[in-house]
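The structure under discussion appears below in the form of structure tokens.
In the working numbering, the protein residues as written are 102 to 381.
Okay, here's the thing in structure tokens:
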């Protein structure tokens, strides 16, 4: 009878499940760094931002909205950002350049340049307090930082959105009721606004109280005109502080009035106002 092998069978351990390797491509590293910069609300055009949100929803990193060109030994980075108008646009873009450079250096990559386009501007918080920024004209290709090669460009869409957001805040009207026209004016910008003005309804005013100057409740077009004139200077200062672009003039056409939270009521023809400003 043949001998039987009594050696105990070796138990095989179950294979350990391994997590997929983390994507540490330059584009992913860059996007992570950019989204951590204060004032940055998104990276890339709307399609790129949608892809980025989808990737985050399923627990993955995304490189959407980031373009990386590999040279012989260096990387060239191009990206577009959406920022909050409560931060100076060029300061935010310069911080993006610095964050990208630092992140790639930590990853052992050599950087040739970082080019940042400010594509769009949106609101981030209530009661914003824009800071100041000594910067060249928005929309021009200029170096944003002496230590980081590359340029920062503030696009025309971002400039228009900034003007719209700031005008809505200054005149206390909904953003979607503000019409904007920006045009070049000998190297500066000329801004034209079309918007309604909020007024207090007669029912909100005590019968014995005289209308407040500029309230608009007395139907006097001059009071609305004075309000529009008085708000142009602070709007100009805020726009120049946020964008670094100079406004040569601000013209305002009052297209109607808003009572409390109600829809705008078209102004009568005789009360439709246009305030024009001569170049400084």
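Built from N, CA and C at the ideal position, the CB exists for glycine as well.
The structure presented is a predicted model; accordingly, all values stated were derived computationally and were not measured.
Closest residue to residue 176 among 337, 248, 271, 201 (Cα-Cα distance): Closest by alpha carbon: 201.
Cα-Cα separation between residue 126 and residue 196, rounded to whole angstroms: 21 angstroms
Chain-order list of residues whose beta-carbon lies under 7 angstroms from that of residue 341 (same chain, five-residue window excluded): 347, 348
Close beta carbons around residue 289, own chain, < 6 angstroms, minus the five adjacent residues each side: 347, 349
DSSP state of residue 254 mapped onto helix, strand, coil: Three-state result, residue 254: strand.
Spatial distance of residue 74 from residue 258 (CA atoms): The requested residue 74 is not part of the displayed model; the chain covers only 102 to 381.
Cβ separation of residue 130 and residue 212, assumed to be a contact under 8 angstroms, to the nearest whole Å: The Cβ separation is near 11 angstroms, so there is no contact.
Cβ neighbour criterion (16 or more within 10 Å) applied to residue 248: exposed
Best match in 145, 275, 274 for proximity to residue 216 [C-alpha to C-alpha]: 145
Proximity to residue 280 [Cα-Cα], best of 352, 180, 222: 352
Helix, strand or coil at residue 248 according to DSSP, with G and I counted as helix: Correct three-state label for residue 248: coil.
Residue 332, buried or exposed, once every other Cβ within 10 Å from all chains shown has been counted against 16: Buried is the call here.
Residue 297 (DSSP reduced to helix, strand or coil): strand
Burial state of residue 171, where buried means 16 or more other Cβ atoms lie within 10 Å: Counting of Cβ neighbours within 10 angstroms places residue 171 among the exposed residues, the total staying below 16.
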